[in-house]
Structures are given as structure tokens and as C-alpha cells.
Amino acid sequence: MLKVCLRISLAMLTLLASSPLAAHGEIEAARGHEAIKTGPHGGKLLRHGSLSVEITMFEKNSPPHWRVYVADSKEAIKPRQVQLKMTLKRFNGREETIDFIPMEDFLQSRQAIDEPHSFDVHVLLTYQGQQYQWQYADYEGRLTLSDDMMKAVGIKTAIAKGRLIGRQLIVVGKIAANRDAMAPIYPRYAGIVQSVHKNLGDEVKKGDTLAIVESNESLQDYTITAPISGTIVKKAVTMGEMVKIDNPIFEIANLDSVWADLTLYRKEAPLVKKGMKVIVSSDGGKPRMVSEISYISPLGIEDSQTVLARAVLANADMQWLPGMYVNAQITVSTRQAAVAVPLKAIQCWHDQSVVFVKRGNQFEATPVKLGDKNNQWAEILAGLEPGDEYVVQNSFFLKADLDKSGFGHEH
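Structural data, given as C-alpha cells:
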């Protein structure tokens, strides 16, 4: 069972109360402990004697800000009578100083409070010449695992760094025979078919006998042979049939290579150029092959308002059958991302994309902003810094434990 340290709102609160010398800028640390309670506005209630400070997070229809209500003996203190500053220490060790501005009946943080809302908090309040300090922990999405547990569930980590990442266009298409490797076979002379030696689907080699025809002109038999090696994909002849020179009687296709004919919609077509890398796969993901765009039709297809793009696929093992539908990912641009992570490192937790950052034996679900991505990697625009250690394998175990523990995203 994972030890969960999620949203610890400090059972113990450390309070630093000033002495009378505080008016001259000197503080004598008088330490005590009390439990954090909930105030009338639903926030965390910090106390020292008759003085109370209630801290709430407001994020309705706006970026999240702190709102702080100050009272003395349950009588509200006007916001302009106090000065307030907070210092947040985040999971990665970074510290943020939060300033506050007075509003009508509360103080509001000047800055928006970025996700994750998980940090150690230091509160400094100045009122009537005295300074009051509180410290508390406010964690969410945080877990602790022993070394043995990490090994047992197969947790592996990596260091966040930059990477070349391609922007990919996802399209669909269909496999077709390579028309450049096909041969229609016509009789040289009109006549009667005396014998047929090959059938539809037969593999033939160049020079193999396909049929024998008796010429109407010379009344002599002549042999029709295969001009290329390949597979007979069309047969339009039977023994005793009259054949003419303008009708093909066989068609041979060399299927060692095939075409992947891909469909581009109007808004996508300008993005695709010849030579771009493309990954073609079937619905199940296999077979899968890397190729490049070799042809883009100069004409659109009127009925569907689409454009055809084509890639040539090697097919010596006959994995690609003409007529099969396929999916394709075309890399339309490539650039250097400051931070990129494998897709398997990203989990969805409370409707946010998160990456689990590691420090020592602790992990925190850190919300990230995604940029371009391909079939393996995603660019991280915010939330993860170069040098951060993050979970790259089996992060779903951590997400599952957070879900199982029943802790939510609360403030």
C-alpha cells in the first residue's frame, strides 16, 4: 500500500509571535502549536490569541488567487490596516513570494497562484506595528514510496531535457497496387485461345507461358508470356475464346512495393510537401512502416474536396494488401523543444495532464501544458523544467493510488 501524503493541511501549525520590540523591526521567536481549522469563508484559519487570518483560494471564472480575511476578536480588520506577504516553497525547491493588495473586505494576491497548489507556506502579517508569522504545509497529489515499493511496481525515471519533436498530421488512406510495377498483357494477334496456363492469383516469373493463341491470320500458334515477374491480378480469357488485340487478357502486378494513397482535406493539403516523413500503419497498429511522401496530386477530388498524397511502401513479405485501409502520420514540421517527454509519462488526473515529478522518495502529480506531439513524444510548454526528474515508466500506478485514496483537488 503506497503511503499517501496528499493534501496535508498541516495538523500542526508553527506560529511565530512578535514581542513588543517588533515595532522596531526585531522579532523574538515565541513558538507554539495549534491545529488548522476552517474559517467562515471555508478557508484555512490561522490564529494567534484574538487575531485570526483566514486564507481562501478563489478561482471562479478567473485564474486562481488567494483571498485573505483578517479579524481581531471576530471583528473584521480593514484590509488597508495590515500588510501581508506569503512565501511558497514548491516541490522542486523553488520559492515564490506572493504580495497582496487590499480590496473591499479582504486582501487578494497580486499574482495568480499557479498549479499545482501544493507547497509549504510561510505567512508574514504586519498589524499595528507587530509581525506575526505562520508556517504550514498544503500538499496535493503527493505520494511517498519506499525504494522496495518503487522497484516492485517498476517505477523508472528520466531527467527532463530538450528534444527534436515533429508536428504530425493524422490522415487515413488505402493501399493500392503500384501502377509503375504493373503490366497489362495484350494478344499480338487476334485469334482463338488454344490453352491457358496460369490463373488469377498465380505468381509468375518473367518469361513464363500464360496462354497459347492460334492466329486468325497465319493459323499458327503463338505463345503469350509474362513480361514481368509478379502476381496475376486480372484474367479475362478462357480456352476457346476469341481474343482481340485491343483487349488485355491478363494483368500482372509486382507487389514487392505498393502505394499508400492518403486523403488530405483542403485545410491540410498546403501543409504537406514531397519528401516529408510518413508513418503508415493498419488499424491494429501493425504492420507499421516508415516512408516519405513521393507524390501529391496537382488536382483535387471534386466530390470529397480532398487531395491525394502518396507514399511507396516496401512489400516483399506481402503485409500490405491492395484495398486495405490504413492510418498515417505525416511529419509536417520539426523543431527543438526545450522539454519533451514520452507520451507514456503523461497521465490525466482531475481533468489535467500531469507528469509525476520525483524528489528523493516523494512524487508529485505536476500539471503540465502540452505543445506539439507525435506518436511517441509530447512537448512540455510549462510545468516541467529541464533537469527535473520525472517518472517515465509505470506512472499509472501512482495515478491509480491517488484515485484509490480518494483525495481530490481542493482548496
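Under mature numbering (1 follows the signal peptide of the UniProt record, and there is no 0), read the sequence shown as residues -23 to -1, 1 to 388, first letter to last.
Where a beta carbon is used, it is the ideal one built from N, C-alpha and C, also for glycine.
These numbers come from a predicted model, not from an experiment.
- In the same chain as isoleucine 189, and ignoring 5 residues on each side of it, the C-beta atoms closer than 6 Å to its own belong to Gln171, Ser172, Asp198 and Thr200, in chain order.
- The continuous stretches of alpha helix (DSSP H) do not include phenylalanine 68, and DSSP gives it neither H nor E.
- By the criterion of at least three beta-carbon pairs nearer than 8 Å, the segment 108 to 116 is not in contact with the segment 132 to 139.
- Within the same chain, and ignoring the five residues on either side of asparagine 231 in sequence, the residues whose Cβ sits closer than 8 Å to its Cβ are Asn155, Ala158, Met159, Ile205, Ser206, Gly207 and Thr208.
- Rounded to whole angstroms, alanine 129 and proline 363 show a C-alpha spacing of 28 Å.
- The DSSP-derived three-state label of lysine 183 is coil.
- Here DSSP, grouped into helix, strand and coil, assigns phenylalanine 83 to coil.
- Taking each of Glu245, Leu379, Lys133 and Ile278 in turn and checking the Cα distance to alanine 322, the smallest one comes out for Lys133.
- Excluding its 5 nearest sequence neighbours in each direction, glycine 348 has C-beta neighbours in its own chain below 6 Å: Glu356 and Leu358, listed in chain order.
- Serine 258: member of the beta strand (DSSP E) spanning 254 to 258, first to last residue.
- Under the three-state reduction of DSSP output, glutamine 58 falls in the helix class.
- When rounded, the separation of the alpha-carbon atoms in cysteine 325 and phenylalanine 35 is 23 Å.
- C-alpha of lysine 62 to C-alpha of leucine 239: approximately 59 Å in a straight line.
- Excluding residues up to 5 positions away in sequence, Glu31, Thr33, Arg44 and Tyr46 lie with their Cβ nearer than 8 Å to the Cβ of histidine 18 in the same chain.
- Counting along the chain, leucine 276 sits inside the beta strand (DSSP E) bounded by residues 265 to 278.
- Non-local C-beta neighbours of asparagine 338 in its own chain, meaning closer than 8 Å and more than five positions away in sequence, comprise Thr121, Leu122, Ser123, Asp124 and Met127, ordered along the chain.
- For serine 29, the uninterrupted beta strand (DSSP E) run begins and ends at 28 to 35, by DSSP.
- When rounded, the separation of the alpha-carbon atoms in histidine 174 and asparagine 193 is 21 Å.
- Counting other Cβ atoms within 10 Å of its Cβ, serine 39 stays below 16 and is therefore classed as exposed.
- About 15 Å separates the CB atoms of tyrosine 367 and lysine 346; that is not less than 8 Å, and the two are not in contact.
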